[in-house]
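The structure appears below as structure tokens.
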Amino acid sequence: RSFVQGAAQGSSESLAIVRAVVAMAQSLEMKTTAEGVETEDEARLVRTMGCDRIQGFYFGRPMTSEDAQGLFRASRGQLRA
């Protein structure tokens with residue numbers, strides 16, 4: 006969370022860390038997940054930097070398994086990270 010937040014706020018150190026982690030994962034043919042994304046700017050930034058998956062409060066708060074099942078049923082498979 007702190008690296009994502011710092012990168013979105015323009016911290017050169019945080020940007021370098023996120024870039025390095027994404028580049029290392031890509032070179033190892035691994036998928037990346039940015040955690041702790043809380044704003045649209047953070048989501049846009051990590052997408053632009055090549056993160057494969059994004060999770061955080063920007064997309065939704067923690068919920069019970071029953072609530073998650075209801076959300077998936079209501080969306081009919083249209084949800085996307």
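Position one of the sequence shown corresponds to residue 6 (this note's numbering), numbered consecutively onward. Ideal Cβ placement from N, Cα and C applies to all residues, glycine included.
(request) Would you mind stating whether E45 and R6 have Cβ atoms separated by less than 8 Å? (result) no
(request) Pair every Cβ in the stretch 66 to 73 with every Cβ in the stretch 46 to 58, then say whether three or more of these pairs are closer than 8 Å. (result) no
(message) Give me, in chain order, the residues of the same chain whose beta-carbon lies closer than 6 Å to that of T38; leave out the 5 immediate sequence neighbours on both sides.
(response) R58
(message) Taking its Cβ as the centre, do 16 or more other Cβ atoms sit within 10 Å of E47, making it buried, or is it exposed?
(response) buried
(message) Rounded to the nearest angstrom, what separates E71 and R78 at their Cα positions?
(response) 11 Å
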